[in-house]
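Novice: Starting off with a structure, shown below.
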């Protein structure tokens, strides 16, 4: 587990920074259309990032794509709930 985290630490940090930065930007945005666009972009980027990661690891399956899709929808819902 430690070796896995060590090899993927950059990806984990990048995802965390992007997510936290997006939350900070969302709290300051007044335009609802811009908020919605940013939230949808974040959900899509998370989905694409996850799929690309598993393609790189050569272990992509339909269940993983479905899992990332479900988590992206949950992320979309959570970010919308926190930002409005």
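Residue numbers (my numbering): 2 to 85.
By construction, the Cβ of each residue, glycine as well, lies at the ideal position given by its N, Cα and C atoms.
1. CA-CA distance, residue 44 and residue 53?
2. Does the distance from the CB of residue 26 to the CB of residue 39 come in under 9 Å?
3. Leaving out five residues before and five after residue 66 in sequence, what residues of the same chain have Cβ atoms less than 7 Å from its Cβ?
4. With respect to the alpha helix (DSSP H) encompassing residue 23, which residues constitute its N-terminal and C-terminal limits?
5. Taking just the CA atoms, how far does residue 3 sit from residue 47?
6. If you draw a straight line from the alpha carbon of residue 30 to that of residue 7, how long is it in whole angstroms?
7. So, under 8 Å CB-CB, residue 1 and residue 77 are touching, yes? Tell me the CB distance rounded to an integer number of Å.
Specialist: Walking through what the data contain:
1. 14 Å
2. yes
3. 52
4. 3-29
5. 23 Å
6. 35 Å
7. Missing from the structure shown is residue 1; the chain here goes from 2 to 85 and no further.
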